[in-house]
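Taken in order, the sequence shown gives residues 1276 to 1877; the numbers are from the working numbering.
Note sheet for the following structure.
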Amino acid sequence: MIRYAFSILLVGQLSYVVRAQEATHVIPDAIVQKVGPSVVAIQHRRAGGSGFIISADGYILSNGHVVTRNDPEFPTEAEESVTVILDDERKYSATVIGFSMDPDVSLLKINPDEPLKPVEFADSRRVTTGQKCFAVGTPVGLKRTFTSGILSNVDRADLGTFTKVLQTDAAINQGNSGGPLFDENGRVLGINTYARGGNNLGFTIPIHVALTLKDHFLAHGRFVRSGFWFCLLGETYDELAETLGVSGGVIVHHVEPGTTVAEAGLRSGDVIVAVDGAPCAPRTHAEFLDFNWDLSTREPGTTVQVTVSRDEGGKRVPVSLRLPVSEFDQVPPGGLQPGNLITYSYQALGFGYQEIALLTRIYYNLTDHQGVIVTGVDGNSAAAEAGIGHYDIITHINDEPVTDVASFERLLEARLADRTPVIPMTIQRRSHTYRTALAPRYELGGKTAVALVPRGGFEYLEMLRRELLADGADVVIRTVEPGAFSAADIDLEDVDMVVLCDSAPSSELITNEEVFTVIRAAHAKERVLAAVGASSLALVKAEPALLDKRVTTSPDAAGDAVKLGATYTGKDVEEESKIVTTTGRNRRVMKMFVKKLAETAR
């Protein structure tokens, strides 16, 4: 079976198995005392895990999946409000400097009151199968737990991961994720990441990989993954080497025409046998992953001198090439690997979509048709009723071609604005072309929303406008500027919803008397009043009758809400008697808010 090297690789869902294990090796008290203060617990709103201190000033390594926000629309965003708990139970708010899901590594920073005790590092490139090790973490909510065992495999390369991982029989339970695996001298061998399939199967990211990622996170805030853009590579295993007539090397399965490496002379069927003068002959997938890791961590914009063995008329001849190293851009997310392609969506229509990049076509085995790729469809939605499916390419709207996200949104929103009852679409599903029709439900048809925004704009304004439009509402946007905004400009006879859009406690929406006039008039006419973040303070400041209504606000404005006497709940989204408020703390919460706003307005 031929194995391909993608810039991103599918990673199976990480299944955690809670299990008990009898200790087979005694851990000396001196080692326990040495490493204990360096291991931390990590908690946030959704879950948590473990980590370990790598510097006295508060840098901490953990897993990427411990800190990810797990937002499919923005998979590179980390969880907010992460707390680190030290061995002595001191708690600190942590900043996520950067994270990756494959390799599964994150870097956090806290600001301690005094210097911390960092771990010592082993050389994970020199480990051996059978050597003693022990894991430390906070499994299933328990205080720091030590489990011991051995390294069962030091070249595990069959798990679909981007690098080799270490395998251990030391128990790694849920909550151990991100904790350290130590050697018998108390030096870190790697970051424990997950268990699979039963007892005695735990896996660990080698520490040399994690430290390389740490450097990337500090320099760039992310893993800058590089390589030869764009080709598919693999190891030349024994049978293939014999067939090709080479002693080993890296086989070039495919070179994308028009790319930089194609222009540099690399061809499909070439076998890379030397890199920068050093022999290159991986015969196993583990050896190939080492080669690929070295290539992936090189500086983008540099070049690599390679020697390839090329078939010329049935004979193998050496060819010298200089190949450029490029960063892999426009990467779609896959498995648990975050990408940098943004996923857009129409919640009211029930589907998400994405730009089609080169890697998207290769990743999903798409045709060459232009358009946007559907990234997901909600059940019982207008998109589902139209038969639109995951990975479909929407190529036309009303027979007009879709070339990219901008053209798709322009064509679709022109019809949504007209409340076109049926929107013809053409979709490409593998080699088949289908015509269908999207029938938006327009459940807010005939209703108008006025969004009041500060001079500096509002991060989620476009999402709010797009969702309300797809639900059938007209959206009017008014910028609040002192001396330039007047309540008289808004005719509430024609308005059903007034939405205050700002999360900053210093927002002019909270102090503007004209805004207060709009709020009082809208409340008197029993219109829907909604507010994002700190702008909910304007509701209770303008209209004392709203002090009895349940509201929420951004955490940094919570104290002001309490001082004003508001019925503050602290929920992400709150609704009572046509008053809808939200913390507005991220896109997921904003989608919940828009959904609740639409339900209330109906």
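Even for Gly, the Cβ is constructed at its ideal location relative to N, Cα and C.
Considering Cα atoms alone, identify which of the options is closest to residue i.
{"i": "T1403", "options": "L1383, S1427, E1395, T1422", "result": "S1427"}
{"i": "Q1318", "options": "V1371, A1797, Q1308", "result": "V1371"}
{"i": "V1579", "options": "L1596, N1567, F1566, D1565", "result": "L1596"}
{"i": "P1696", "options": "A1712, G1461, L1382", "result": "A1712"}
{"i": "F1246", "options": "S1782, P1575, G1720, P1757", "result": "Since the first and last residues shown for the chain are 1276 and 1877, residue 1246 lies out of range."}
{"i": "L1616", "options": "I1648, L1434, R1825", "result": "I1648"}
{"i": "V1548", "options": "E1538, R1321, D1346, I1526", "result": "I1526"}
{"i": "L1727", "options": "V1774, S1682, E1737", "result": "V1774"}
{"i": "G1496", "options": "N1567, E1352, M1772", "result": "E1352"}
{"i": "Y1628", "options": "S1325, F1349, G1333", "result": "F1349"}
{"i": "I1752", "options": "A1397, A1745, H1798, L1739", "result": "L1739"}
{"i": "E1355", "options": "G1424, P1830, P1390, G1405", "result": "P1830"}
{"i": "G1625", "options": "D1363, M1376, R1320, K1870", "result": "K1870"}
{"i": "G1477", "options": "Y1469, S1620, G1731", "result": "Y1469"}
{"i": "I1447", "options": "E1850, G1324, L1743", "result": "G1324"}
{"i": "T1252", "options": "D1551, Q1645, D1766", "result": "No information on residue 1252 is available, as it lies outside the stretch 1276 to 1877 that the chain covers here."}
{"i": "I1328", "options": "S1571, A1561, A1322, S1337", "result": "S1337"}
{"i": "E1395", "options": "V1463, K1366, G1373", "result": "V1463"}
{"i": "D1764", "options": "Y1735, L1744, E1789", "result": "E1789"}
{"i": "H1798", "options": "E1851, A1833, F1683, L1361", "result": "E1851"}
Is it right to say residue i is buried, meaning 16 or more other beta carbons lie within 10 angstroms of its own, or is it exposed?
{"i": "D1545", "result": "buried"}
{"i": "A1280", "result": "With a pLDDT of 40 at A1280, under the threshold of 50, the predicted position of this residue should be treated as unreliable, though the coordinate-derived value follows. Buried."}
{"i": "I1668", "result": "buried"}
{"i": "Q1308", "result": "exposed"}
{"i": "D1679", "result": "exposed"}
{"i": "A1724", "result": "buried"}
{"i": "G1454", "result": "buried"}
{"i": "P1819", "result": "exposed"}
{"i": "N1787", "result": "buried"}
{"i": "H1866", "result": "Note that residue 1866 is Lys in the sequence shown here, rather than His. When all chains shown are included, K1866 counts as buried."}
{"i": "Q1288", "result": "Model confidence at Q1288 stands at a pLDDT of 29, short of 50, so the residue's coordinates are unreliable; what they give is reported in the following sentence. It is exposed - the Cβ of Q1288 has fewer than 16 other Cβ atoms within 10 Å."}
{"i": "V1837", "result": "exposed"}
{"i": "V1301", "result": "exposed"}
{"i": "K1439", "result": "buried"}
{"i": "K1489", "result": "buried"}
{"i": "S1282", "result": "Confidence in S1282 is poor, its pLDDT being 34 and thus under 50, which makes the residue's placement too unreliable to answer from."}
{"i": "D1458", "result": "buried"}
{"i": "T1518", "result": "exposed"}
{"i": "R1877", "result": "exposed"}
{"i": "E1538", "result": "exposed"}
{"i": "D1777", "result": "buried"}
{"i": "E1756", "result": "exposed"}
{"i": "L1554", "result": "Residue 1554 is actually Pro in this sequence, not Leu. P1554 comes out exposed."}
{"i": "G1731", "result": "exposed"}
Between which two residues does the alpha helix (DSSP H) carrying residue i extend?
{"i": "E1874", "result": "1862 to 1876"}
{"i": "R1685", "result": "1680 to 1692"}
{"i": "F1457", "result": "Counting along the chain, F1457 falls outside any alpha helix (DSSP H), though it belongs to the beta strand (DSSP E) covering 1455 to 1458."}
{"i": "T1635", "result": "1633 to 1639"}
{"i": "Q1645", "result": "No alpha helix (DSSP H) contains Q1645, which DSSP labels as neither H nor E."}
Terminal residues of the continuous beta strand (DSSP E) containing residue i?
{"i": "K1824", "result": "From DSSP, K1824 is part of no beta strand (DSSP E); its letter is neither H nor E."}
{"i": "R1704", "result": "1698 to 1704"}
{"i": "S1427", "result": "1420 to 1431"}
{"i": "T1618", "result": "1618 to 1621"}
{"i": "S1381", "result": "1379 to 1384"}
{"i": "K1590", "result": "1590 to 1599"}
{"i": "I1335", "result": "1334 to 1337"}
{"i": "K1407", "result": "1407 to 1412"}
{"i": "V1357", "result": "1357 to 1360"}
{"i": "V1440", "result": "1440 to 1443"}
Is residue i near residue j, with beta carbons less than 9 Å apart?
{"i": "L1687", "j": "I1672", "result": "yes"}
{"i": "T1436", "j": "P1378", "result": "yes"}
{"i": "L1456", "j": "F1409", "result": "yes"}
{"i": "R1863", "j": "R1431", "result": "no"}
{"i": "V1314", "j": "R1401", "result": "no"}
{"i": "A1369", "j": "V1380", "result": "no"}
{"i": "L1382", "j": "L1493", "result": "yes"}
{"i": "M1772", "j": "K1824", "result": "no"}
{"i": "G1845", "j": "T1857", "result": "no"}
{"i": "F1603", "j": "G1509", "result": "no"}
{"i": "L1804", "j": "L1814", "result": "yes"}
{"i": "G1662", "j": "Y1717", "result": "no"}
{"i": "E1531", "j": "L1641", "result": "no"}
Nearer than 8 Å: is that true of the beta carbon of residue i relative to any heavy atom of the ligand GTP?
{"i": "N1448", "result": "Absence of the ligand GTP from the depicted structure is noted, as is the absence of any ligand whatsoever, leaving it without description."}
Unbroken stretches of the beta strand (DSSP E), 3 residues or longer, contained in the segment 1708 to 1758: With a minimum length of 3 residues, the continuous beta strand (DSSP E) runs that stay inside the segment 1708 to 1758 are 1723 to 1729, 1749 to 1755.
Identify every run of the alpha helix (DSSP H) within the segment 1478 to 1513, keeping only runs that are complete inside it and at least 4 residues long; order them along the chain. Scanning the segment 1478 to 1513 for uninterrupted alpha helix (DSSP H) segments of 4 residues or longer gives 1482 to 1495, listed from N- to C-terminal end.
Could you name each continuous alpha helix (DSSP H) segment of 4 residues or more that falls completely within the segment 1771 to 1812, going from the start of the chain to the end? Those alpha helix (DSSP H) runs which fall completely within the segment 1771 to 1812 and span 4+ residues are 1788 to 1799.
Could I get the ranges of all uninterrupted alpha helix (DSSP H) runs contained in the segment 1509 to 1585, with 4 residues as the minimum, in chain order? 1513 to 1519, 1535 to 1538, 1560 to 1571, all fully within the segment 1509 to 1585.
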